[in-house]
Amino acid sequence: MSAHSLKMNFLEINNLSKIYTVKTFFSEKRFLALDGVSFSLKERESLSIIGSSGSGKTTLGRIIAKILEYDGGEIKFYGKNINDYSRYDFSKIVQMIFQNPYASLNPKLKIKSSLSEALDKNFQADAAEIIGQTLVKVGLESRILNNYPHQFSGGQRQKIAIARALLKNPKLIIADEPFASLDVYSQNQITSIFKDMMKSGVSIILITHDISAARQFAQRMIVMDEGKIVKDDSAENVFKEKENKYIADLISAAEI
Ligand SMILES: Nc1ncnc2c1ncn2[C@@H]1O[C@H](COP(=O)(O)OP(=O)(O)OP(=O)(O)O)[C@@H](O)[C@H]1O
Ligand SMILES: [Mg+2]
34 MSAHSLKMNF LEINNLSKIY TVKTFFSEKR FLALDGVSFS LKERESLSII GSSGSGKTTL
94 GRIIAKILEY DGGEIKFYGK NINDYSRYDF SKIVQMIFQN PYASLNPKLK IKSSLSEALD
154 KNFQADAAEI IGQTLVKVGL ESRILNNYPH QFSGGQRQKI AIARALLKNP KLIIADEPFA
214 SLDVYSQNQI TSIFKDMMKS GVSIILITHD ISAARQFAQR MIVMDEGKIV KDDSAENVFK
274 EKENKYIADL ISAAEI
């Protein structure tokens, strides 16, 4: 790898905007959900995105994961525009994990099928072994493979969704409120799975309401308010923020 490519940002977002158009019976309303969002991420770097409800976190995450289209600006991975990647190539770069793991798991498929479907065709011959290793990584036993998604607890389903994302071997995982429906025990388990993944070189963008979880999770924090990034700094500095009332309120609400 050349010195140049080592310095290149893995992900670069410039001046991103998103407009939702809401049609009512008589009119059409346009709502600016993302407004001039710019930030970049280095390979193996992770961060969390916090902000009040409606600030645009999920919108941003879904756009980066190429699930949702954007209206202005630019997103590049490895210097290449996300629109120039095929679905297949892109799926090896970014995977998204949702708050509700049902969104990532087909309820009609046994876990075994959901997981082997996620695995690249080139690896199907070794599917059983690779899936087995991945289940170990997320702390699940292989006897779950013959069950259906509804037969699991929320925490187990979230782990299965993580396993499914890992099978794609992505560079970046975007996790949107992955702890929301989980008890503290499962939250801690998933946090430690994420930390292991980060150690193995996967970048994670954690979108969360839980500012304490965000602080534990990564050094860097992005704070969003009304579709804009209002702070991009170390978690430590974000927690020290006094001048920006919005951020100070977010932090103090979390500390109660
Ligand atoms: N499909 C949609 N059509 C119209 N407006 C939308 C749509 N999805 C989101 N919005 C609006 O865009 C804004 C940002 O929504 P988004 O879901 O990104 O916020 P969020 O920060 O993830 O909030 P939360 O913390 O509640 O999950 C909100 O005002 C929301 O009402
Ligand atoms: Mg959201």
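In this note's numbering, the protein residues as written are 34 to 289. Positions of the beta carbon are idealized from the N, C-alpha and C atoms, including for glycine.
Starting from the C-beta of residue i, find all residues in its chain whose C-beta is less than 7 Å away, skip the five residues before and the five after it, and write them out in chain order.
i           : result
residue 112 : 41
residue 167 : 196, 199, 200
residue 72  : 46, 255, 262, 265
residue 56  : none
Are the beta-carbon atoms belonging to residue i and residue j less than 7 Å from one another?
i           : j           : result
residue 123 : residue 209 : no
residue 46  : residue 104 : no
residue 300 : residue 178 : This structure cannot speak to residue 300, because the chain is shown only from 34 to 289.
residue 236 : residue 78  : yes
residue 82  : residue 90  : yes
residue 190 : residue 140 : no
residue 49  : residue 67  : yes
residue 94  : residue 207 : yes
residue 203 : residue 126 : yes
residue 257 : residue 84  : yes
residue 110 : residue 44  : yes
residue 244 : residue 213 : no
Am I right that residue i and residue j are in contact with their C-beta atoms under 8 Å? What's the rounded C-beta distance?
i           : j           : result
residue 193 : residue 173 : 7 Å
residue 255 : residue 265 : 5 Å
If you drop the 5 nearest sequence neighbours on each side, which residues of the same chain put their C-beta closer than 6 Å to that of residue i?
i           : result
residue 34  : Its pLDDT being 46, under 50, residue 34 is placed unreliably in this model, and the coordinates cannot settle the point.
residue 19  : Limits of the chain in this structure are 34 at one end and 289 at the other, which puts residue 19 out of reach.
residue 234 : 77
residue 152 : 160, 200
residue 99  : 115, 123
residue 175 : 165, 168
residue 283 : none
On a CA-only basis, which of the options is nearest residue i? Give me that one, please.
i           : options            : result
residue 217 : 234, 246, 203      : 246
residue 252 : 80, 273, 43        : 80
residue 188 : 220, 239, 230      : 220
residue 184 : 138, 171, 158, 212 : 138
residue 63  : 120, 240, 54       : 54
residue 70  : 259, 182, 278      : 259
residue 232 : 152, 59, 205       : 205
residue 128 : 114, 239, 275, 181 : 239
residue 241 : 162, 147, 99, 87   : 87
residue 121 : 92, 277, 154       : 154
residue 136 : 275, 222, 211      : 211
What are the residues that DSSP puts in a beta bridge with residue i?
i           : result
residue 61  : 56
residue 237 : 206
residue 266 : 254
residue 74  : 44
residue 171 : Answer by DSSP bridge pairing: none, since residue 171 is not bridged.
residue 82  : 240, 255
residue 51  : 67
residue 128 : 206
residue 105 : 50
residue 261 : 258
residue 110 : 44, 113
If I measure Cβ to Cβ from residue i and keep anything under 8 Å in the same chain, skipping five residues before and after, which residues do I get?
i           : result
residue 273 : none
residue 149 : 157, 160, 164
residue 116 : none
residue 249 : 224
residue 147 : 138, 139, 182, 193, 197
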